[in-house]
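Per this note's numbering, residue 1 is the first one in the sequence shown, and the count goes up by one each step.
What follows is one structure encoded as structure tokens, with my remarks underneath.
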Amino acid sequence: MTGMEADPTEGHLRRAELLADLGHFDEAVAELDPPLAANPSDGGALALLAAIQLAAGKPEPALEAAEKAVAATPAAIQPQVTEGEALLQLRRFKEAAVVAERILDAGPDDPYAQLNGAAILGEARNGQRALDAAWQAVNLAPQDARAHLVLSGIAGRLQLTELAEQARDEALRLDPELASTGSVGRFAIPEPTARDLRPTPATAIGWLALYAGAFTVPVAMLAAVLHAVHPATSRVVAVVLGLCGVGLVALFANRLPGSARETLTSDRASRIAAAATLAGPLSVIAYGVIGSPWAVAVALATTAVAAVAVVSRIKF
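Right, dumping it as structure tokens:
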């Protein structure tokens, strides 16, 4: 039997972790009494004790244990994180910010350090330093949904709405269960931002079709009326206004959010709606070029197709 196997400390630590996972925090704390009695400076046991006390909602004993763990193992990041979180819960924000800065400085290339340091600093004293650290965490661990959640929260508090929305969406894409659980550990999904008050991608495309239709239909009707009175004038007006319509469609389409443009490539009904939307003013131009009233009818028909595709979401 090796010394590692004979040492009961490891067994106490594992049982304490298991008890804590089961929510038996008092028993988990009691399980750590023997190793800490044998070695009061056991950094691993102290760090685990701090984490358990914090999970139990006891920030003061958690902070005391975390400070001892940091003193015993100053290079370890995890007890520093617990120390910072305990200070946040105690609303000692200046001290939490100092701990966060220490964590960030200690692990510039450590995604765990950057993620947790950014999260603590973002709550204690949000600013550019916290934002930079959150970006670093995302760059170091781009597949970690928590990193994107932290970035979203920090960006949101800095009123960087677009960045907050993008990071939040990426977090949900990486871990869709976040939508139902609401959080991962201490990283809560940020409160809904301005994005939640704006149209969804499909609805954004619908508004594009609506605006284009509101332009195309009157122009087509004007061209039809003028055709009966003065065909040449009607055709000139149709070309000029048709070009204006194409320009407006292009302008609105360019302003669609990235998620809406992605919907155009993945959703057939949206693709048809977009194509029909553009076909409306193009048909008006076609009337001006060839002079056939049927082109006006096509302009009206394509506008109707766009409306049906968006409103009913029929899959053609």
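Glycine is no exception: its CB is placed at the ideal position from the N, C-alpha and C atoms.
A quick note: this is a predicted structure, and the numbers were derived from the prediction, not measured.
Please classify residue i as buried or exposed, where buried requires at least 16 other C-beta atoms within 10 Å of its C-beta.
| i | result |
| --- | --- |
| G247 | exposed |
| R235 | buried |
| V298 | buried |
| H148 | buried |
| V249 | buried |
| L251 | exposed |
| L48 | buried |
| K68 | buried |
| G43 | buried |
| G156 | buried |
| T303 | buried |
| V225 | exposed |
| T82 | buried |
| S183 | The pLDDT assigned to S183 is 45, lower than 50, so where the model puts this residue is not dependable; a value taken from the coordinates is nonetheless given after this. Exposed, by the Cβ-count rule. |
| L46 | buried |
| T277 | buried |
| V305 | buried |
| E177 | exposed |
| L19 | buried |
| E10 | exposed |
| G122 | buried |
| A66 | buried |
Since residue i and residue j should fall inside the 8 Å C-beta cutoff, what is the C-beta to C-beta distance between them, to a whole number of angstroms?
| i | j | result |
| --- | --- | --- |
| V52 | Q80 | Here residue 52 turns out to be Ile, not Val, going by the sequence shown. Actually they are not in contact, since the Cβ atoms of I52 and Q80 sit about 17 Å apart, beyond 8 Å. |
| L115 | V70 | 19 Å between Cβ atoms; not a contact. |
| A124 | A134 | No, A124 and A134 are not in contact; Cβ-Cβ is about 14 Å, not under 8 Å. |
| L54 | A86 | 6 Å |
| I285 | A238 | 7 Å |
| R137 | I120 | Per the sequence shown, residue 137 should be read as Ala rather than Arg. The Cβ separation is near 12 Å, so there is no contact. |
| L174 | Q143 | 6 Å |
Relative to the alpha-carbon of residue i, which residue among the options has its alpha-carbon at the smallest distance?
| i | options | result |
| --- | --- | --- |
| D110 | D33, Q78, V284 | Q78 |
| T73 | A238, E165, E95, A106 | A106 |
| A301 | E162, G213, V229 | G213 |
| R146 | V229, A238, L160, L172 | L172 |
| H12 | N139, D21, P35 | P35 |
| P293 | E95, C244, L241, A223 | A223 |
| A228 | R92, L19, G291 | G291 |
| A62 | A141, F25, P8 | F25 |
| E31 | R15, D21, G23, A38 | R15 |
| A60 | G280, P176, G84, T216 | As written in the sequence, residue 60 is Glu, which differs from the Ala given in the question. It is G84 whose Cα lies nearest to the Cα of E60. |
| E165 | R129, L158, S152, A65 | S152 |
| L90 | V217, K58, T216, R168 | K58 |
| F215 | S283, A76, L140 | S283 |
| L140 | R129, G280, P108 | P108 |
| L241 | A275, V289, A274 | V289 |
| C244 | Q159, G280, A276, A232 | G280 |
| D21 | D33, L278, A56, A113 | A56 |
| F93 | V219, A167, N126 | N126 |
| A220 | E27, V296, A274 | V296 |
| Q128 | E170, E101, N39 | E101 |
| Y112 | A76, S41, L88 | A76 |
| A28 | H230, A232, E17 | E17 |
| A232 | P218, Y287, Q159 | Y287 |
| A38 | I154, V98, P8 | P8 |
| A50 | P40, V99, E64 | E64 |
Could you spell out the range, first to last residue, of the alpha helix (DSSP H) harbouring residue i?
| i | result |
| --- | --- |
| D345 | The first residue shown for the chain is 1 and the last is 316, placing residue 345 beyond what the model contains. |
| Q166 | 161–174 |
| D105 | 93–106 |
| E177 | From DSSP, E177 is part of no alpha helix (DSSP H); its letter is neither H nor E. |
| H12 | 9–21 |
| R146 | 145–157 |
| G122 | 111–124 |
Does the Cβ of residue i lie closer than 6 Å to at least one heavy atom of the ligand MG?
| i | result |
| --- | --- |
| H227 | The ligand MG is absent from the structure shown, which contains no ligand whatsoever. |
Inset, instruction - Return the chain-ordered ranges of every alpha helix (DSSP H) run that is complete within the stretch 27–78 and spans a minimum of 4 residues. - result: 33–38, 43–55, 59–72
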